[in-house]
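Numbering (the numbering used here), first residue to last: 5 to 369.
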């Protein structure tokens with residue numbers, strides 16, 4: 005159970021950037037601006053080989069999600085609502101950005117800087133528009149320039165975005181030390197994802213002081229409702245890394261991350277429910293969370309759900325469903341000889357039905 009469920013820091017591949025771009029679309033003047041949708045989160049999963057005998061539900065060894073997109077999450081603070089008769093102080097530039105009116109956002113931010121050259125929020129917004137190529141051609145170098153100006157004014161969103169650019173070397177040679185220094189500043193200024201990413205760097209150290217500080221940073225991000233941080237904090241409690249081992253707290257944080265949509269958190273919470281680790285045993289609820297994670301493409305969840313269907317634990321026994329989920333997990337590289345044998349017991353029509361189900365689930369919605 006002490007297997008490394010979460011690789012908190014492997015080089016810099018674990019640094020996490022969310023996607024906070026709005027979905028709306030606008031025709032602003034002659035230009036048509038496409039909204040930015042969600043970027044699927046890529047998750048590397050190392051799986052513990054399932055026991056060849058009984059269908060045990062051991063904890064998965066899941067790597068930290070790799071970055072999904074570059075410098076997309078500046079998590080800009082929400083402004084007052086935008087209305088036709090906006091009150092004094094309303095952030096019309098960011099209001100336009102939120103609604104997908106990117107050219108309007110660009111023009112309003114530019115106008116604000118003409119009258120207030122030290123407007124850090126406007127600088128950060130221009131950096132975001134250039135970084136993502138929203139309404140204007142993408143230009144990472146210009147984005148970095150705007151983030152740098154805003155960072156000098158102490159803007160935490162700009163500090164975080166610039167840190168990620170430095171760490172990734174998006175505009176030239178990577179500078180991890182400069183990036184870490186910027187993360188320190190952003191975390192100190194209260195940016196939750198900066199705190200989380202800084203924690204990932206600190207977990208590369210085995211010094212007790214660094215581990216304790218990393219755990220504290222993860223907690224700050226988790227309390228700010230960052231789902232990946234909530235999952236990570238659950239793992240830290242489960243393994244007693246950087247803080248005292250506490251299975252009850254681990255299960256509680258896995259539950260929060262799962263409810264906030266973190267797929268590895270769903271898997272960990274399902275395992276805790278099934279095994280009664282830090283929470284009352286509930287096989288039906290465990291199956292529900294395995295199913296949720298399985299439909300989100302998690303191979304570990306697909307494998308565990310297959311075993312539940314094969315044995316009727318938490319769900320009605322259904323050999324075809326078991327085979328379908330096993331085939332889906334196998335297609336992602338998770339082998340299970342015990343389920344292979346169960347698959348061979350099916351008739352030809354049942355196997356074909358299972359393959360059809362697996363293919364449709366792998367194809368996604």
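Glycine residues also receive a C-beta, built at the ideal position from the N, C-alpha and C atoms. Bear in mind the structure is a predicted one, so any value in this text is a computation, not a measurement.
Check, Outcome
"Roughly how many whole angstroms lie between the Cα atoms of residue 120 and residue 108?", "18 Å"
"Within its chain, find whatever has a CB closer than 6 Å to the CB of residue 324; leave out the 5 residues flanking it on each side and keep chain order.", "354, 357, 358"
"Measuring CA to CA, which of 247, 331, 222 is closest to residue 236?", "222"
"Please name the residue in 209, 294, 270, 257 whose C-alpha comes closest to that of residue 282.", "257"
"What did DSSP end up calling residue 364 once you bin it into helix, strand or coil?", "helix"
"By alpha-carbon positions, which one of 342, 137, 298 ends up nearest to residue 367?", "298"
"If you check the beta carbons only, do residue 330 and residue 312 fall under 8 Å apart?", "no"
"Pick helix, strand or coil for residue 160, following the three-state DSSP scheme.", "helix"
"Name the residue from 116, 129, 118, 125 whose alpha carbon lies nearest to the alpha carbon of residue 104.", "129"
"Among residues of its own chain, excluding the 5 on either side of residue 186, which ones have a beta-carbon nearer than 6 Å to its beta-carbon?", "163, 166, 167"
"Return the CA-CA distance between residue 293 and residue 280, expressed in angstroms with no decimal places.", "14 Å"
"Compare the C-alpha of residue 193 against each of 158, 137, 362, 100 and name the closest.", "158"
"Relative to the C-alpha of residue 261, which candidate in 252, 272, 300 has its C-alpha closest?", "272"
"Exposed or buried, what is residue 252 when buried is set at 16 or more other beta-carbons lying within 10 Å of its beta-carbon?", "exposed"
"Compute the Euclidean distance between the alpha carbons of residue 111 and residue 150, then round it to the nearest angstrom.", "15 Å"
"DSSP state of residue 209, grouped into three classes?", "coil"
"For residue 232, count the other beta carbons within 10 Å of its own beta carbon; 16 or more makes it buried, fewer makes it exposed. Which is it?", "buried"
"Go ahead and pull the three-state DSSP assignment for residue 357.", "helix"
"Following the continuous alpha helix (DSSP H) through residue 330, name the residue where it begins and the one where it ends.", "323-335"
"CA-CA distance, residue 320 and residue 172?", "48 Å"
"Assuming residue 206 contacts residue 217 (C-beta within less than 8 Å), just tell me the rounded distance between them.", "6 Å"
"In angstroms with no decimal places, state the Cα-to-Cα distance between residue 248 and residue 268.", "22 Å"
"Can you tell me whether residue 115 is buried or exposed, with buried defined as 16 or more other CB within 10 angstroms of its CB?", "exposed"
"Since I believe residue 226 is in contact with residue 234 (beta carbons under 8 Å), could you give me their beta-carbon distance rounded to a whole number of angstroms?", "4 Å"
"Hey, does residue 171 have any beta-carbon neighbour from chain B nearer than 8 Å?", "Considering every chain present, this structure includes no chain B. It has just one protein chain."
"Between which two residues does the alpha helix (DSSP H) carrying residue 285 extend?", "Taken as a continuous stretch (DSSP letters only), residue 285 belongs to no alpha helix (DSSP H), as it is neither H nor E."
"Report the rounded CA-to-CA distance for residue 278 versus residue 295, giving the unit in angstroms.", "13 Å"
"Can you list the alpha helix (DSSP H) stretches of 4 or more residues lying completely in the region 237-306, in chain order?", "251-263, 267-279, 287-299"
"Which of the three DSSP states is assigned to residue 230 in this structure?", "coil"
"Could you tell me which uninterrupted alpha helix (DSSP H) segments, each at least 4 residues in length, are contained entirely in the region 123-210, listed from first to last along the chain?", "124-136, 144-156, 160-172, 180-192, 196-206"
"Got a sec? Which residues, its chain only, sit under 6 Å from residue 155 by beta carbon, not counting five neighbours each side?", "162, 163, 166"
"What did DSSP end up calling residue 222 once you bin it into helix, strand or coil?", "helix"
"Can you grab the Cα-Cα spacing for the pair residue 98 / residue 184, in whole Å?", "28 Å"
"Are residue 196 and residue 230 close, meaning C-beta to C-beta below 8 Å?", "yes"
"Could you pull the start and end residues of the alpha helix (DSSP H) that residue 341 belongs to?", "341-348"
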